[in-house]
Amino acid sequence: MQSILTISVKVVFHVIAHFIMIIQLNSCFLKQDRTTTVYGTITDQNGEPVDSIMVIARGKRGFSFETLKQTYTNGEGCYEILIDPPKKFDFIDISVPFLLIENPKFFKYYTGKKTRKDDEKTSNCCIAPIGEKTKYDFQLIPK
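Start counting the sequence shown at 5; every next residue gets the next number (this note's numbering).
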């Protein structure tokens with residue numbers, strides 16, 4: 005009787021151990037890579053690169069936004085933002101701020117911008133899907 009009980013305990017232990025191992029493996033495979041890259045160039049009306057223009061990435065959830073990262077264009081007008089957004093965000097909103105305090109150069113010389121997403125004109129600006137690489141180019145409109 006005792007050997008049957010010992011065998012039963014061993015079987016239950018092995019079943020539980022396998023179950024725990026399966027759960028741990030599933031959590032590894034189900035983990036989504038949320039690394040998001042947004043990059044592009046900012047140019048003037050003549051296609052010349054514009055440096056020192058701020059680009060902001062904000063996480064969006066429902067109706068609220070939270071700034072995750074910001075960067076400035078370099079001497080070639082290029083920028084790149086690499087983000088690993090928290091799971092609470094549904095997508096990333098990319099913007100070129102127009103206020104004096106955030107973007108003094110833009111405020112002083114430009115009134116707006118034209119946008120291209122992945123080399124296509126778009127008026128639907130500027131959502132970057134989480135876990136993907138998205139290109140947004142901006143052409144600034146002078147005052």
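Beta carbons: idealized from backbone N, C-alpha and C, even for Gly.
Across which residues does DSSP place valine 54 in a beta bridge pair? Under DSSP, valine 54 forms no beta bridge with any residue.
Let me make sure I understand the geometry here. Which of Lys92, Ile87, Glu124, Phe110 has the alpha-carbon closest to that of threonine 40? The candidate whose alpha carbon is nearest that of threonine 40 is Ile87.
Determine the closest residue to tyrosine 76 out of Phe110, Gly116, Gly135, Gly51, with distance taken between C-alpha atoms. From the listed residues Phe110, Gly116, Gly135, Gly51, the smallest Cα separation to tyrosine 76 is found for Phe110.
For glycine 135, tell me which candidate among Gln74, Glu70, Phe93 has the shortest Cα-Cα distance. Among Gln74, Glu70, Phe93, the Cα nearest to that of glycine 135 is on Phe93.
Does the segment 50-65 touch the segment 97-107, meaning 3 or more C-beta pairs lie closer than 8 Å? A contact is defined here as three or more CB-CB pairs under 8 Å, and the segment 97-107 meets this definition with respect to the segment 50-65.
Output yes or no for whether 9 Å exceeds the beta carbon distance between tyrosine 83 and threonine 45. Closer than 9 Å, so yes.
Cβ of tyrosine 140 within 9 Å of Cβ of lysine 121? A contact, by the Cβ cut-off of 9 Å.
Delimiting residues of the beta strand (DSSP E) encompassing proline 146: That run of the beta strand (DSSP E) goes 137-146.
Taking Cβ positions, are glutamine 143 and glutamine 49 nearer each other than 9 Å? Yes.
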